[in-house]
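Protein chains in written order, with this note's numbering: chain Y, 1 to 474; chain X, 475 to 613.
Okay, here's the thing in structure tokens:
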């Protein structure tokens, strides 16, 4: 920038010098024209010549002033100008004098004055000084020009360097960008590899999970079967024992006092041994407990089997109008709801693509529970509502029944677990089954409940059944 | 049922075998019952014993050495035994298993109920079936 400013200054100075040159030329020209005008007038008396003189006269002082200010910084030129000024004044006064003489009719005197050394010499001196000023000015101009040229060369040089720098910078940035690009491409390749690896990992994990899940299913199935086999024996031989008991104590049902084998009918309490009636009672009690336990175990095994079997079932996606589905469910529960005087209200429900059997089992279980666990002090009311949530639908089954204590709200979804008063028949597998089914359909289930006020079970399901493998069912 | 008809029972569970035997006898069937606890021993007996006479086979599916289905296949592929009635009596009540047994040519499929009354009833009914069943003579 400094370089540029300097070049600018040089250029202005150069222009100044050129202007001074022309002003000096003009000044000399003016003086010469005035002299010619004066001489022409003196010789011919023609007023036209006088006009030239008169026109030019006022232009001299401003030109002189201009030159003076232009050369103010150059002492030698100033000296010359100072020498020139009196010469010009003398010349001007000579010119004015001759014209004045001529006009007063003293033509001869005027011409004489012209011919004197004063007239001739003054003009010669003027010319000489003007020449000197011009030469000096030209020299000055030349040096200025040279300066300007040098300046320009500097400028050019610096420009070239700047351009070179720019080119280098550009090259450097291109290189940097290329390097960054290469790094990025490399990173992308690494990322792609990582992605492929990730997908492979996910696929492998999914396969492992599916295999593990299938194994669990198979395990549940085998265990339940293998457990059943000894149960058949226990039950079978317990029943055989029961028959033996009948033969031992006489097969006469409630008549316990009648004994078999003709034994002493009197109770043998004196020596501490039990009476036959007591024996039979204890026998019956023990057998009863054994049989009740076996029956319960059989039910539990059946429950596991059912869930395991459900997990193995292939899901079939179809369009299902939930309004229709719920109408069917409430119709089949109509007897139950009428008996318990429960009102069932169905809101507007969505249509989804899913497995019909699973949905029927899920919602009939929920409706069934709502109809089952009522409060004594209030008439039952079950409300079913549906809503869309993006790609999912949410279906709520709300009741005003007895509710579930907060600590039991997770437990009720566990297999064989039940909450609250155990005054209704059940295995404790309904909600476990429901949750397994909901998960298999790619959804989730939750419960909100206040004890003594009611429960709301919310089932969130995908609007369309996703590509399904074997869902976790237990 | 012809007195010459032998009932071959393939059942690994001694208790089940005993309960089945008891109830068959109670139903009035007096035919000899030959019991095998493994599939190998049973097949050995069936395939090697020359001309065992008319047979009726009671088969459990869950055996330690081979599955009942394998035995069923072997029996149905055997020239002399393929016409012998096979009654599958097992704890498995899986639908596919039942279908598979009938496809392979079992005559009757019965599930052993845990409830003993049902179990005893089923076996006695089976005994009654034995009394009227017509078993092909082995040539």
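We put the CB at the ideal spot given by N, CA and C, even for glycine.
Start and end residues, beta strand (DSSP E) containing residue i
i: residue 475 of chain Y; result: With chain Y covering only 1 through 474, there is no way to say anything about residue 475 of chain Y.
i: residue 485 of chain X; result: It is not in any beta strand (DSSP E) - residue 485 of chain X carries neither H nor E in the DSSP assignment.
i: residue 479 of chain X; result: That residue, residue 479 of chain X, is in no beta strand (DSSP E); it is neither H nor E in DSSP.
i: residue 475 of chain Y; result: Past the edges of chain Y, shown from 1 to 474, lies residue 475 of chain Y, and the structure says nothing about it.
i: residue 351 of chain Y; result: 351–355
i: residue 435 of chain Y; result: First-last for residue 435 of chain Y: 430–440, but that is the alpha helix (DSSP H), not the beta strand (DSSP E).
i: residue 447 of chain Y; result: 444–450
i: residue 562 of chain X; result: 560–564
i: residue 583 of chain X; result: 582–585
i: residue 392 of chain Y; result: 392–399
i: residue 454 of chain Y; result: 454–462
Nearest to residue i (by Cα), restricted to the options the options
i: residue 105 of chain Y; options: Y:424, Y:45, Y:282; result: Y:45
i: residue 136 of chain Y; options: Y:49, Y:60, Y:74; result: Y:74
i: residue 337 of chain Y; options: Y:278, Y:321, Y:381; result: Y:381
i: residue 314 of chain Y; options: Y:107, Y:131, Y:440, Y:175; result: Y:440
i: residue 30 of chain Y; options: Y:303, Y:400, Y:127; result: Y:127
i: residue 15 of chain Y; options: Y:144, Y:236, Y:27, Y:175; result: Y:144
i: residue 594 of chain X; options: X:481, X:490, X:575, X:479; result: X:490
i: residue 292 of chain Y; options: X:602, X:598, X:589; result: X:589
i: residue 342 of chain Y; options: Y:377, Y:169, Y:311, Y:443; result: Y:377
i: residue 601 of chain X; options: X:499, X:483, X:548, X:562; result: X:499
i: residue 120 of chain Y; options: Y:139, Y:107, Y:94; result: Y:94
i: residue 539 of chain X; options: X:605, X:487, X:568; result: X:487
i: residue 214 of chain Y; options: Y:139, Y:388, Y:307; result: Y:307
i: residue 534 of chain X; options: X:528, X:546, X:523; result: X:546
i: residue 570 of chain X; options: X:528, X:583, X:560; result: X:583
i: residue 211 of chain Y; options: Y:98, Y:58, Y:10, Y:312; result: Y:312
i: residue 41 of chain Y; options: Y:10, Y:103, Y:22, Y:4; result: Y:103
i: residue 294 of chain Y; options: Y:433, Y:234, Y:455; result: Y:234
i: residue 611 of chain X; options: X:507, X:536, X:515, X:555; result: X:555
i: residue 492 of chain X; options: X:511, X:568, X:519, X:479; result: X:511
i: residue 244 of chain Y; options: Y:153, Y:419, Y:284, Y:205; result: Y:284
i: residue 100 of chain Y; options: Y:86, Y:39, Y:68; result: Y:39
i: residue 56 of chain Y; options: Y:209, Y:69, Y:36, Y:67; result: Y:36
i: residue 507 of chain X; options: X:573, X:566, X:496, X:567; result: X:496
i: residue 221 of chain Y; options: Y:71, Y:302, Y:151; result: Y:302
i: residue 585 of chain X; options: Y:304, Y:241, Y:405, Y:228; result: Y:228
i: residue 543 of chain X; options: X:557, X:562, X:509, X:608; result: X:562
Where the alpha helix (DSSP H) containing residue i begins and where it ends
i: residue 60 of chain Y; result: 60–70
i: residue 76 of chain Y; result: 75–103
i: residue 306 of chain Y; result: 276–312
i: residue 590 of chain X; result: 590–606
i: residue 113 of chain Y; result: 107–115
i: residue 542 of chain X; result: 542–551
i: residue 574 of chain X; result: 569–577
i: residue 53 of chain Y; result: 47–56
Inset, instruction - Enumerate, from N- to C-terminal direction, the unbroken alpha helix (DSSP H) stretches of 4 or more residues contained entirely within the region 498–540 of chain X. - result: 513–522
Inset, instruction - Could you list the residues in the region 590–606 of chain X with a C-beta less than 8 Å from some C-beta on chain Y, going in chain order? - result: 590, 591, 593, 594
Legend entry - Near-chain X residues of the region 412–423 of chain Y (beta-carbon distance less than 8 Å), N- to C-terminal order: none
Inset, instruction - Mind checking the region 215–234 of chain Y against chain X and listing, in chain order, the residues whose C-beta falls within less than 7 Å of any C-beta there? - result: 225, 228, 229, 231, 232, 233
Inset, instruction - Taking only runs that begin and end inside the region 316–371 of chain Y, name each unbroken alpha helix (DSSP H) of 4 or more residues, in chain order. - result: 322–332, 334–339
Inset, instruction - Please name the residues in the region 507–530 of chain X whose beta-carbon is closer than 8 Å to at least one beta-carbon of chain Y, in chain order. - result: none
Inset, instruction - May I ask you to list, following chain order, the residues of the region 482–504 of chain X that have a beta carbon less than 7 Å from some beta carbon of chain Y? - result: 487, 489, 490, 493
Inset, instruction - Could you say if the region 543–557 of chain X and the region 189–201 of chain Y meet the contact criterion of at least three C-beta pairs nearer than 8 Å? - result: no
Inset, instruction - Using a Cβ-Cβ cut-off of less than 7 Å, give me the residues of the region 554–583 of chain X that come near chain Y, in sequence order. - result: 565, 566
Legend entry - the region 418–431 of chain Y touching the region 382–393 of chain Y, judged by at least three CB pairs closer than 8 Å: no
Inset, instruction - Evaluate the contact criterion for the region 357–368 of chain Y versus the region 315–328 of chain Y: three or more CB pairs, one atom per stretch, below 8 Å. - result: yes
Legend entry - Interface residues of the region 235–247 of chain Y facing chain X [CB-CB below 8 Å]: 235, 236, 237, 238, 239, 240
Inset, instruction - Residues of the region 285–301 of chain Y with a CB closer than 9 Å to any CB of chain X: list them in chain order, please. - result: 291, 294, 295, 297, 298, 301
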